[in-house]
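Participant: Chains as they are written, first to last, in our numbering: chain A, 1149 to 1361; chain B, 1149 to 1361.
Ideal placement from N, C-alpha and C gives every residue a C-beta, glycine not left out.
2 protein chains.
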Amino acid sequence: MQTKTDNKNRQQSGEQAILEAAEILFANKGFDAVSMSAIARLADTSKPNIYHHFNSKHDLYLAVMQVAARRSSALLDAFADAPGTFKQRLSDFSAGHLENILDHKLTTQLILRDALSGGSERGREIAKHVVGESFARLVAMVQQGQNDKEFRADIDPALAAFMIVAANLFFFQASPVMQHLPGARLPDDANTYCNGVMDILFNGVLRDGDGKS
Amino acid sequence: MQTKTDNKNRQQSGEQAILEAAEILFANKGFDAVSMSAIARLADTSKPNIYHHFNSKHDLYLAVMQVAARRSSALLDAFADAPGTFKQRLSDFSAGHLENILDHKLTTQLILRDALSGGSERGREIAKHVVGESFARLVAMVQQGQNDKEFRADIDPALAAFMIVAANLFFFQASPVMQHLPGARLPDDANTYCNGVMDILFNGVLRDGDGKS
DNA sequence: GTCTATATAATGATAGAC
DNA sequence: GTCTATCATTATATAGAC
Chain A
1149 MQTKTDNKNR QQSGEQAILE AAEILFANKG FDAVSMSAIA RLADTSKPNI YHHFNSKHDL
1209 YLAVMQVAAR RSSALLDAFA DAPGTFKQRL SDFSAGHLEN ILDHKLTTQL ILRDALSGGS
1269 ERGREIAKHV VGESFARLVA MVQQGQNDKE FRADIDPALA AFMIVAANLF FFQASPVMQH
1329 LPGARLPDDA NTYCNGVMDI LFNGVLRDGD GKS
Chain B
1149 MQTKTDNKNR QQSGEQAILE AAEILFANKG FDAVSMSAIA RLADTSKPNI YHHFNSKHDL
1209 YLAVMQVAAR RSSALLDAFA DAPGTFKQRL SDFSAGHLEN ILDHKLTTQL ILRDALSGGS
1269 ERGREIAKHV VGESFARLVA MVQQGQNDKE FRADIDPALA AFMIVAANLF FFQASPVMQH
1329 LPGARLPDDA NTYCNGVMDI LFNGVLRDGD GKS
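#1: Any Cβ of chain B within less than 7 Å of the Cβ of K1205(A)?
#2: Closest to G1286(A) by CA distance: which of V1215(A), F1320(A) and I1312(A) is it?
#3: Select from G1244(B), F1234(B) and D1262(B) the residue whose C-alpha is nearest the C-alpha of N1176(B).
#4: Grab the span of the alpha helix (DSSP H) containing A1315(B) for me, first residue to last.
#5: When you compare only the Cα positions, how much space is there between Q1292(B) and A1308(B)?
#6: With a cut-off of 7 Å, does the C-beta of R1376(A) fall near any C-beta of chain B?
#7: Going by DSSP, what residues sit across from L1354(A) in a beta bridge?
#8: Which first and last residues belong to the alpha helix (DSSP H) in which R1261(B) is found?
#9: Can M1213(A) and G1271(A) be called in contact, C-beta distance under 7 Å?
#10: Any residues in the region 1242–1264 of chain A with a beta carbon nearer than 7 Å to a beta carbon of chain B? Which ones, in chain order?
#11: Among the residues of its own chain, which have a CB less than 8 Å from the CB of K1276(B), if the five just before and after it don't count?
#12: At 8 Å on the CB atoms, spell out the chain B contacts of M1289(A), in chain order.
#13: Going by beta carbon distance, what residues of the same chain come within less than 7 Å of I1274(B), once the five residues before and after it are set aside?
#14: Less than 6 Å between C-beta atoms, sequence neighbours within five positions excluded: which residues of the same chain meet that for A1169(A)?
#15: Answer yes or no: do N1316(B) and H1245(B) have a C-beta to C-beta separation smaller than 7 Å?
#16: Does the Cβ of R1333(B) have 16 or more other Cβ atoms within 10 Å, making it buried, or fewer, making it exposed?
#17: Under a CB-based cut-off of 7 Å, is Q1236(B) close to chain A?
#18: Under a Cβ-count criterion, where at least 16 other Cβ atoms within 10 Å of its own Cβ denotes burial, should G1331(B) be classed as buried or exposed?
#19: I'd like to know whether the C-beta of M1184(A) is nearer than 7 Å to at least one C-beta of chain B.
#20: Tell me which residues share the same chain as Q1257(B) and place their Cβ nearer than 7 Å to its Cβ, disregarding the 5 neighbours each side in the sequence.
#21: Rounded to a whole number of angstroms, what is the C-alpha to C-alpha distance between D1356(B) and V1353(A)?
#22: Just mark Q1236(A) as buried or exposed, buried being the case when its beta carbon has 16 or more other beta carbons within 10 Å.
#23: Does the beta carbon of N1351(B) come closer than 7 Å to any beta carbon on chain A?
#24: Please state the DSSP three-state secondary structure of G1329(A).
#25: So with CB distances below 7 Å, who are the chain B contacts of F1310(A)?
#26: Shorter than 7 Å from the beta carbon of I1303(B) to some beta carbon of chain A?
#27: According to DSSP, is V1182(B) helix, strand or coil?
#28: Where do the N-terminal and C-terminal ends of the alpha helix (DSSP H) with L1210(A) fall, by residue?
#29: Using a C-beta to C-beta distance shorter than 7 Å, which residues of chain A count as neighbours of L1173(B)?
#30: Roughly how many angstroms lie between the CA atoms of V1182(A) and A1181(B), to the nearest whole one?
#31: Taking beta-carbon pairs under 9 Å, can you tell me which members of the region 1271–1289 of chain A lie near chain B?
#32: Report the rounded CA-to-CA distance for I1259(A) versus T1193(B), giving the unit in angstroms.
#33: Please return the same chain residues whose Cβ sits closer than 8 Å to the Cβ of R1300(A), not counting the five positions on each side in sequence.
#34: So that I know if they touch, is there some Cβ in chain A lying closer than 7 Å to that of A1217(B)?
#35: Check this for me: beta carbons of Y1209(B) and F1179(B), under 7 Å apart or not?
#36: Using only the alpha-carbon positions, how far apart do E1298(A) and A1314(B) sit?
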């Protein structure tokens, strides 16, 4: 029994280093800009050894994606059915969502890059599954809030959910650029940003009494 | 006098084809995934001819970016100082912004890809200039709305502007993915989407009387 | 499982004829 | 301005020893 586990562990040490190196490079530069030589160099091994563990560059990429997807999926389970008002639950979900994004930038960039790029058929399937999962939870949460008369009934729950996801993911994508823009800077603190977003989403930017058409 | 103009026109016919082919490929696949051979093939010319017009692949890329940036910058000038309430002007700007994005998907994808990717130093400068320009206008518009007491004074104008841009750009990025997600679909019509977004941004999702903290 | 050495194809870029 | 032919380099991937 133990021999099998030992083999698995010994075997993974090599694979693990390769997977980690590949994740870093793929996330930062994208599939095409990364060579097997660069991965081998960063993983401190040789090119043929990578081909011993993975059939092709694309296979390695898919393996990296699957590991990242598994990690990403498990992270938001805690927010599935929490107590409190839906306003609070939605705020918590959004804060947790953004926190996960910023705590796992590599994973996020990897999945986001693949999901939004016209890349490899099957890679997008994995990425779609991940974003679809957290998105569906958000939509359901908004709908429940509508059923409880806490949220307006005349808004599209998918739209509200999308705006939350968009605000968080686009913040992650754009913050390196935004930091260098003159004149108007966003809050660099994630919590401040998230609270500001949710305040606008919940209450709107119009002053009270201006008439909600 | 005319000879110069004629030369210019004759000269551009070749360059134009190369630039257009390069824009299509760079926008769809990114810098690294596009080869000079592929560009030459699509432009119906030869590789050395490209090198006659541009010093390197990177030079060609910058030229494509500059053309795209010029196009993109000119598009939103009309919304600079329009009449009407700031709510209306903001809605019009957002609608025009999204319309421009969807009418020039190639240009948008090209600039967005470069701005958000860890790509070539100088390419990002161009992209940053474009997004920074339209972003600054939006922020100013929100601030004016606050000065006129039309918008709440306690919101961050940069944050509100960012949410509009994020909603539009992320919609553009994600709509190919979102269309295939089960359960919750966004409106496929740009106007419907934009109106829904602005409704939420202006009025919020909470039902009236729930107390704006 | 890991390596050296290598096959094969494609890359960015150039030389030089027309 | 445009081409054919070619350079040097690098890419993915494999063969085969240990």
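Facilitator: In this structure, then:
#1: Counting from one through the first sequence, the residue named residue 1205(A) turns up at place 57. Not one chain B Cβ lies under 7 Å of K1205(A).
#2: One-based indexing of the first sequence puts residue 1286(A) at position 138. What sits at residue 1286(A) in the sequence shown is Leu, not Gly. The shortest Cα separation from L1286(A) among V1215(A), F1320(A) and I1312(A) belongs to I1312(A).
#3: Looking up residue 1176(B) in the second sequence gives position 28. Selected option, being the one with the closest Cα: D1262(B).
#4: Translated into positions along the second sequence, residue 1315(B) becomes position 167. Residues P1305 to M1326.
#5: What you label residue 1292(B) is simply residue 144 of the second sequence in a count that begins at 1. What you label residue 1308(B) is simply residue 160 of the second sequence in a count that begins at 1. The alpha-carbon atoms of Q1292(B) and A1308(B) are separated by roughly 13 Å.
#6: Since the displayed chain A opens at 1149 and closes at 1361, residue 1376(A) lies outside it and no answer follows.
#7: To locate residue 1354(A), count along the first sequence from 1; it is residue 206. Its beta-bridge partners are F1299(B).
#8: What you label residue 1261(B) is simply residue 113 of the second sequence in a count that begins at 1. Element bounds for R1261(B): K1253 to L1264.
#9: Translated into the one-based positions of the first sequence, residue 1213(A) becomes position 65. Translated into the one-based positions of the first sequence, residue 1271(A) becomes position 123. Yes, the pair counts as a contact, with Cβ atoms nearer than the cut-off.
#10: A1263 and L1264
#11: Mapped onto the second sequence, residue 1276(B) falls at position 128. Excluding positions up to five away in sequence, the list reads A1263.
#12: The residue given as residue 1289(A) occupies position 141 in the first sequence. Within 8 Å Cβ-Cβ: nothing; M1289(A) doesn't reach chain B, min ~11 Å.
#13: Here residue 1274(B) is taken as the residue at index 126 of the second sequence, counted from 1. M1213, Q1214 and A1217.
#14: Start at 1 with the first residue of the first sequence, and residue 1169(A) comes out as number 21. Closer than 6 Å at the Cβ level, and outside the excluded window around A1169(A), lie I1187, L1190 and A1191.
#15: Residue mapping note: residue 1316(B) aligns to position 168 of the second sequence, counting from 1. Residue mapping note: residue 1245(B) aligns to position 97 of the second sequence, counting from 1. Against a cut-off of 7 Å, the Cβ pair of H1245(B) and N1316(B) comes out as a contact.
#16: Translated into the one-based positions of the second sequence, residue 1333(B) becomes position 185. That one is exposed.
#17: Numbered from 1 along the second sequence, position 88 holds the residue referred to as residue 1236(B). Chain A, which has no Cβ nearer than 7 Å to the Cβ of Q1236(B), makes this no.
#18: As a working mapping, residue 1331(B) is identified with position 183 in the second sequence. Flag for G1331(B) reads exposed.
#19: Locating residue 1184(A) in the first sequence gives position 36, counting from the first residue. No, M1184(A) lies away from the interface with chain B (no Cβ there is under 7 Å from its Cβ).
#20: Along the second sequence, read from residue 1 onward, the residue named residue 1257(B) stands at position 109. The answer, listed in chain order, is A1175.
#21: To locate residue 1356(B), count along the second sequence from 1; it is residue 208. To locate residue 1353(A), count along the first sequence from 1; it is residue 205. Distance between the alpha carbons of D1356(B) and V1353(A) is about 14 Å.
#22: Taking the first sequence and counting its residues from 1, the one referred to as residue 1236(A) is at position 88. Exposed is the call here.
#23: Translated into positions along the second sequence, residue 1351(B) becomes position 203. Closer than 7 Å to some Cβ of chain A, the Cβ of N1351(B) qualifies, so yes.
#24: Within the first sequence, the letter at position 181 stands for residue 1329(A). Looking at the sequence shown, residue 1329(A) is not Gly but Leu. DSSP places L1329(A) in coil when its eight states are reduced to three.
#25: Numbered from its first residue, the first sequence carries residue 1310(A) at position 162. Here the neighbours are L1334.
#26: For the purposes of this step, residue 1303(B) is taken as the residue at position 155 of the second sequence. Answer yes: the Cβ-Cβ gap between I1303(B) and chain A drops below 7 Å somewhere.
#27: Start at 1 with the first residue of the second sequence, and residue 1182(B) comes out as number 34. V1182(B): coil per DSSP, three-state reduction.
#28: Against the first sequence, residue 1210(A) aligns to sequence position 62. Here the alpha helix (DSSP H) through L1210(A) covers K1205 to A1222.
#29: Counting from 1 along the second sequence, the entry for residue 1173(B) is found at position 25. Within 7 Å Cβ-Cβ: nothing; L1173(B) doesn't reach chain A, min ~11 Å.
#30: For the purposes of this step, residue 1182(A) is identified with residue 34 of the first sequence, where counting begins at 1. For the purposes of this step, residue 1181(B) is identified with residue 33 of the second sequence, where counting begins at 1. Between V1182(A) and A1181(B), the C-alpha separation is close to 10 Å.
#31: R1272, A1275, K1276, V1279, G1280, F1283, A1284, L1286, V1287 and A1288
#32: If you number the first sequence from 1, residue 1259(A) lands on position 111. If you number the second sequence from 1, residue 1193(B) lands on position 45. In a straight line, the C-alpha of I1259(A) is about 37 Å away from that of T1193(B).
#33: Along the first sequence, one-based indexing puts residue 1300(A) at 152. Around R1300(A): Q1294.
#34: On the second sequence, position 69 is the one that residue 1217(B) refers to. A1217(B) does not count as touching chain A.
#35: As a working mapping, residue 1209(B) is identified with position 61 in the second sequence. As a working mapping, residue 1179(B) is identified with position 31 in the second sequence. Yes, the pair counts as a contact, with Cβ atoms nearer than the cut-off.
#36: Sequence index remark: in the first sequence, residue 1298(A) carries index 150 (1-based). Sequence index remark: in the second sequence, residue 1314(B) carries index 166 (1-based). For E1298(A) and A1314(B), the distance between alpha carbons rounds to 26 Å.
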